[in-house]
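>
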Amino acid sequence: MTDTCEETVKQLHRSFDEGISRPLAWRREQLERMKRMITAHHKDIERAVYLDLGKPAAETALMEIKLVLDEIAFVKPRLGRWSGRHHVAMPLLMQPARSWTIAEPKGVVLVISPWNYPLMLSLEPMVDAIAAGNCVCLKPSELSPNTSALLQRLIGKYLDPRAFAVVQGAVPETTELLKQPFNHIFYTGNGKVGSIVMKAAAKQLTPVTLELGGKSPVFVDASANLDVAAGRIAWGRFTNAGQTCVAPDYVLTTPDLVEPLARKMAAFTRKFFGDNPAESLSYARIVNTKQFDRLLNLLPAEGKAFSGGETNRERLYIAPTILTNVDPHDPVMQEEIFGPILPILPVQDAQEAVTFINRRPKPLALYVFSRSKATRLLFERHTSSGALGFNLPLGHLLSSRLPFGGIGASGMGSYHGKAGFLEFSHVKTVTSKPTFPDTLRLAYPPYRKCQK
Ligand code: NAD
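Numbering-wise, the sequence shown is residues 180 to 631 according to the numbering used here.
1. Determine the extent of the beta strand (DSSP E) in which LYS318 is found, giving its start and end residues.
2. From the DSSP output, read off the bridge partner residues of PRO522.
3. CB of TYR296 to nearest heavy atom of ligand 1: below 7 Å?
4. Does the beta-carbon of GLN383 have 16 or more other beta-carbons within 10 angstroms, so that it is buried, or is it exposed?
5. Using the Cα positions of ILE281 and LEU272, report the straight-line distance between them to the nearest angstrom.
6. Would you give the residue range spanned by the alpha helix (DSSP H) that ALA344 belongs to?
7. Collect the residues with a C-beta less than 6 Å away from any heavy atom of ligand 1 and give them in sequence order along the chain.
8. If we count Cβ pairs, one from each stretch, closer than 8 Å, do we get three or more for the stretch 248-258 versus the stretch 192-202?
9. Just to confirm, are GLU225 and MET299 a CB contact at a threshold of 8 Å?
10. Apart from the five residues on each side of it in sequence, which residues of its chain come closer than 6 Å, Cβ to Cβ, to THR388?
11. Using only the alpha-carbon positions, how far apart do GLY286 and ALA276 sit?
12. Give the secondary structure of ARG539 by DSSP, where H, G and I count as helix, E and B as strand, and everything else as coil.
13. Among PRO479, VAL290, ALA219, ALA529, which has the Cα closest to the Cα of ARG550?
14. So LEU524 and PRO507 are supposed to be a Cβ contact under 8 Å. How far apart are they, rounded?
15. Which of the three DSSP states is assigned to ASP428 in this structure?
16. Helix or strand or just coil, what does DSSP make of GLY259?
17. With respect to the alpha helix (DSSP H) encompassing SER374, which residues constitute its N-terminal and C-terminal limits?
18. For ASP196, count neighbouring Cβ atoms within 10 angstroms of its own Cβ and tell me buried if that reaches 16, exposed if not.
19. Have a look at LEU556 and VAL511 and give me their C-alpha separation to the nearest angstrom.
20. Closer than 8 Å by C-beta to VAL376: which residues in its own chain qualify, once you throw out the five before and the five after it? Chain order, please.
21. Restricting to Cα atoms, I'd like to know which of LEU330, GLN274, LEU391, TYR337 is closest to PHE615.
22. Where ASN570 and VAL547 are concerned, what is the direct C-alpha to C-alpha distance, given to the nearest angstrom?
23. Where do the N-terminal and C-terminal ends of the alpha helix (DSSP H) with GLU390 fall, by residue?
24. Put PRO340 into one of helix, strand or coil per three-state DSSP.
25. What first and last residue would you give for the alpha helix (DSSP H) that runs through ILE309?
26. In the DSSP assignment, what residue or residues form a beta bridge with PRO396?
27. Look up SER194 in the DSSP assignment and say whether it is helix, strand or coil.
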């Protein structure tokens with residue numbers, strides 16, 4: 180395994196050193212080929228993701244395939260401008276002189292992706308890395324084996340094999356890969372592994388992007404349109420059976436709204452998935468028994484959920500579940516839920532919600548449903564999170580114009596669109612001064628005033 184990993188990465192470095200990935204035409208061509216690959220195989224992709232996650236085809240089409248195609252469409256016509264010279268003025272003291280910046284590719288990039296959006300989280304970082312002119316080694320998740328195998332087959336067939344490699348495997352293979360020299364590591368997954376990745380990267384001073392998770396809170400106040408809030412929160416939470424990094428993880432609201440909000444959200448889950456979500460073709464499954472058992476431990480005793488709570492281990496099914504009567508010390512509030520369970524907790528007001536959120540690790544996303552300008556400003560100015568959404572869970576994920584990433588425990592660095600292009604680039608400063616007149620001589624020693 181050591182030899183294979185080492186040889187694969189060496190080959191990518193050779194390709195990068197030969198300059199294969201630098202020409203803008205090559206980058207555009209690879210992005211075009213990726214588009215053809217996805218379009219030609221969208222049924223295969225939907226099937227593979229379904230086999231891995233029981234994800235409905237419509238969700239794969241919208242949240243995986245379309246997002247990657249949108250990213251390609253956004254980045255491809257702009258990469259020339261982004262990588263060209265950007266002129267800036269030199270200080271008067273240095274005149275006459277010119278200066279500019281250019282974005283150069285970092286080199287060979289390692290992308291380590293997770294299982295929950297196995298296509299999108301593998302290909303979107305690759306799109307940005309290609310746009311910036313890099314060679315890429317992709318390590319998809321072993322927990323979504325059908326999609327990972329498909330990615331390996333399709334990338335080998337459609338993209339330039341000199342510049343791209345897919346290494347499959349689990350912890351041993353990733354550990355081996357992390358010993359190899361890379362110019363950037365882009366990791367998406369949980370924070371514990373994020374710290375392993377960063378430690379390995381530190382040994383070779385390799386820069387990292389960490390796209391992590393955590394508990395993304397929601398605050399709802401009395402001024403909000405409760406029907407709209409309930410629908411959007413339920414959609415954000417129960418899409419992909421709650422296995423979305425930016426899904427609402429818990430809801431804070433005033434005590435009088437806990438029950439009405441829970442009732443409205445429960446009604447929405449019935450609208451989305453019918454009276455028996457186990458039979459719904461629109462509802463995904465839990466990825467594996469390990470995750471299922473972890474989630475089971477977060478559920479209260481049978482019959483104690485406000486709605487839902489039914490489970491079936493054989494079918495990896497957990498019903499969309501809403502919890503009230505939750506204590507902040509309950510297990511469900513101690514870790515990222517990452518499943519179809521949504522606790523609602525009472526707080527007295529927006530200020531208490533802000534204090535509650537600020538006492539915990541910085542979230543990847545924070546959502547506020549309120550018509551009050553003062554409340555919105557309070558959250559914008561006095562909380563810190565990867566993203567902040569007013570009345571809109573998940574929305575920021577869908578735009579290539581917005582940087583996507585976390586802060587603190589939810590990650591570092593960002594991507595999508597120009598942010599992604601820059602993440603995989605080194606912005607190099609270039610200066611140029613004519614030799615005549617040689618004004619720099621004025622700065623040469625000896626310094627008259629200093630002479631005794
Ligand atoms: P996972 O188990 O698939 O792991 C992610 C990757 O890390 C895989 O490729 C895996 O092989 C590798 N890995 C696992 N253990 C390793 C180890 N010990 N050493 C080296 N590599 C290792 O996925 P996961 O971590 O369960 O993913 C879910 C988490 O990811 C959640 O916390 C979620 O919030 C977060 N997430 C974040 C984003 C984001 O964009 N910020 C997106 C999706 C998921």
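Virtual Cβ for every residue (Gly too), placed ideally from N, Cα, C.
A quick look at the data gives this:
1. 314-318
2. LEU502
3. yes
4. exposed
5. 23 Å
6. Careful: ALA344 lies outside any alpha helix (DSSP H), inside the beta strand (DSSP E) at 343-345.
7. ILE291, SER292, PRO293, TRP294, ASN295, LEU300, LYS318, SER320, GLU321, LEU322, ALA349, VAL350, THR353, THR354, THR367, GLY368, ASN369, VAL372, ILE375, GLU390, LEU391, GLY392, CYS424, GLU515, PHE517, LEU543, GLY585, GLY590
8. no
9. no
10. PHE365, GLY592, GLU602
11. 30 Å
12. coil
13. ALA529
14. 7 Å
15. strand
16. helix
17. 370-382
18. exposed
19. 29 Å
20. ILE291, LEU357, ILE364, TYR366, VAL387, LEU389
21. GLN274
22. 6 Å
23. Taken as a continuous stretch (DSSP letters only), GLU390 belongs to no alpha helix (DSSP H), being part of the beta strand (DSSP E) at 387-390.
24. coil
25. 299-310
26. TYR429
27. helix
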